[in-house]
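Residue 103 in the UniProt record's numbering is what sits at position 103 of the sequence shown, and the numbering runs on without skipping anything. For reference, the structure is listed below as structure tokens.
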Amino acid sequence: MELFRPDEGEVVRADLTSPLRTLTFPVLELILVTGLSWMLIGWLDQPGMEVESQLRNAVVIIWAALSLWRFGLPLLRARRQRFVVTDRRIVVRAGALRSRTDSIPLRDIRSVKRRRNGISLAIAGYDRPLHFPDVPRAKRVAGLIENSLPSAQANYW
1 MELFRPDEGE VVRADLTSPL RTLTFPVLEL ILVTGLSWML IGWLDQPGME
51 VESQLRNAVV IIWAALSLWR FGLPLLRARR QRFVVTDRRI VVRAGALRSR
101 TDSIPLRDIR SVKRRRNGIS LAIAGYDRPL HFPDVPRAKR VAGLIENSLP
151 SAQANYW
């Protein structure tokens, strides 16, 4: 995966990653899984219970696997998501592990709209607008993009 590097003379106006509120449910799931798993381990370790240590270790391994799956992966995806606005283009990277970085020149953008917590861009050559969900400060970023678009007079040249 290539890293974003601005071209010579290019000014970065906004460099955003997904907001922390996207991790609300993974954190709650982590708390639930941790609580239930360690309650079970405490029950297995009580005096008078004759349980093999392999069963206790299996519960710990299941807890670790569930924690990584339900919290670790969403955390990694959320931190990898990136939305960069420069004076020449918009650079977007999805949160997937092997996602590529896409670059959209500002001269190709026809309009910008904010929908809920995301941004929709109408791009020349596309039938439908591209929607980018969970962009932090979406209203401010949409205004920034709109102000960065080349003027209508420049399109006549």
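Glycine is no exception: its CB is placed at the ideal position from the N, C-alpha and C atoms.
At what residues does the beta strand (DSSP E) containing P74 begin and finish?
P74 -> not in any beta strand (DSSP E); alpha helix (DSSP H) instead, spanning 73-80.
Could you tell me if T24 is buried or exposed, where buried requires 16 or more neighbouring beta carbons within 10 angstroms of its beta carbon?
Residue environment: T24 is assigned as exposed (fewer than 16 neighbouring CB atoms within 10 Å of its CB, all protein chains considered).
Whole angstroms are fine: how far does the CA of V33 sit from the CA of L66?
Straight-line Cα distance between these residues: approximately 7 Å.
In angstroms, rounded to a whole number, what distance separates the CA positions of G42 and I119?
Their backbone Cα atoms lie some 48 Å apart in a straight line.
For the putative contact between V12 and T86, defined by C-beta atoms under 8 Å, what is the C-beta separation to the nearest angstrom?
Going by Cβ atoms, the distance from V12 to T86 rounds to 5 Å, so yes, they are a contact pair.
Cβ-based neighbour list, L44, same chain, cut-off 6 Å, excluding 5 preceding and 5 following:
Result list for L44: V51, R56, in chain order.
Please determine, among P74, P136, L30, M49, the residue with the shortest C-alpha to C-alpha distance to L97.
Sorting P74, P136, L30, M49 by C-alpha distance to the C-alpha of L97 places P74 at the top.
Specify the secondary structure class of F25 as computed by DSSP and reduced to three states.
In this structure, F25 counts as helix in the three-state DSSP scheme.
Below 8 Å on the Cβ atoms is my guess for E29 versus F71; work out the distance and round it to an integer in Å.
Between E29 and F71, the beta carbon gap of about 7 Å places them in contact (Cβ cut-off 8 Å).
Thinking C-beta only, is K139 closer than 7 Å to R110?
Going by C-beta atoms, R110 is not nearer than 7 Å to K139.
How would you call R21, buried or exposed, if buried means at least 16 neighbouring beta carbons within 10 angstroms?
Residue environment: R21 is assigned as exposed (fewer than 16 neighbouring CB atoms within 10 Å of its CB, all protein chains considered).
Please confirm whether V91 and F4 have their CB atoms less than 7 Å apart.
Yes, the Cβ-Cβ distance between V91 and F4 is below 7 Å.
Taking R79 as the reference, give the member of D7, P150, R88, P19 with the closest Cα.
The shortest CA-to-CA distance from R79 to any of D7, P150, R88, P19 is the one to P19.
Please list, in chain order, all residues of the same chain as G9 whose beta carbon is under 7 Å from its beta carbon, the five residues on each side excluded.
No residues qualify anywhere along the chain.
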